[in-house]
Amino acid sequence: MAHVRAQIRAWLAMNLTGSAEAGKNVYEQRTLPLSKQDVPALIFSVQGERVTTIDLSSRQQRIVTVRVTAVVKGDNATGSDTLDALGAFVEEKIAATPKLGGFVKYYEYLGSNFAFNSDGERTLCMLSMDFALAVFTRREDPETAI
Numbered sequence: 003m004a005h006v007r008a009q010i011r012a013w014l015a016m017n018l019t020g021s022a023e024a025g026k027n028v029y030e031q032r033t034l035p036l037s038k039q040d041v042p043a044l045i046f047s048v049q050g051e052r053v054t055t056i057d058l059s060s061r062q063q064r065i066v067t068v069r070v071t072a073v074v075k076g077d078n079a080t081g082s083d084t085l086d087a088l089g090a091f092v093e094e095k096i097a098a099t100p101k102l103g104g105f106v107k108y109y110e111y112l113g114s115n116f117a118f119n120s121d122g123e124r125t126l127c128m129l130s131m132d133f134a135l136a137v138f139t140r141r142e143d144p145e146t147a148i
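Here it is as structure tokens:
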């Protein structure tokens, strides 16, 4: 079995694929530039984890912060509409399975940010959405959600 963070990443990779806009263009922590055929895309990453031991029996609450970024080409109304469609897709996917297959107890949508990046040849628009996912484990077993 893998660490609960790896299980979250695997769930995201499997379940964020298939939107009408991005299709199979779903990537984990991509640092390389996106080529023309890679856009629109969804990029996800674990941003951090806050761990609190909640009792003497070594139970821990882990708040894992996940960021999903939608990337589209262009800075016009069509690009904004595509970003909104991808944002709705992500929110609806997570809301439809809020326990992400059973290992997350609850989640909170923290909000979103917009950014634009122009390299002279093209403009990319981005919508970053942050989610806090609560997972409970034992200190000695970070691979098994309880």
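Using my numbering, the first residue of the sequence shown is number 3, and each one after it goes up by one. We treat Cβ as the ideally placed atom computed from N, Cα and C, and that holds for glycine.
Contacting residues, own chain, Cβ-Cβ under 6 Å from residue i (five flanking each side not counted)
i: Arg52; result: Ile65
i: Thr99; result: none
Per-residue DSSP class, three states only, for residue i
i: Arg11; result: helix
i: Asn119; result: strand
i: Ala87; result: helix
i: Glu145; result: coil
i: Thr55; result: strand
i: Thr71; result: strand
i: Leu36; result: coil
i: Gly103; result: helix
i: Ser47; result: strand
i: Ser114; result: strand
Chain D within 8 Å of residue i, Cβ atoms only
i: Leu102; result: Of the chains in the structure shown, none is chain D; there is only one protein chain.
Buried or exposed by the 16-neighbour rule on C-beta atoms within 10 Å, applied to residue i
i: Arg124; result: exposed
i: Lys26; result: exposed
i: Leu167; result: The structure shown does not extend to residue 167, since the chain spans only 3 to 148, so no value can be given for it.
i: Ser21; result: buried
i: Pro42; result: buried
i: Ala8; result: exposed
i: Ala90; result: exposed
i: Leu112; result: exposed
i: Lys38; result: exposed
i: Thr71; result: buried
i: Ile148; result: exposed
i: Thr54; result: exposed
Delimiting residues of the beta strand (DSSP E) encompassing residue i
i: Gly20; result: Unbroken run through Gly20: none, as it is neither H nor E.
i: Asp132; result: 125-140
i: Val41; result: Per DSSP, Val41 belongs to no beta strand (DSSP E) and is neither H nor E.
Sequence-distant residues of its chain with Cβ nearer than 8 Å to residue i (five each side left out)
i: Ala4; result: Ala12, Glu145
i: Phe118; result: Asp77, Thr125, Leu126, Cys127, Met128
Q) Are the segment 62-77 and the segment 134-143 touching, with three or more C-beta to C-beta distances below 8 Å? A) yes
Q) Below 8 Å, can you find three or more Cβ-Cβ pairs linking the segment 4-13 to the segment 101-115? A) yes
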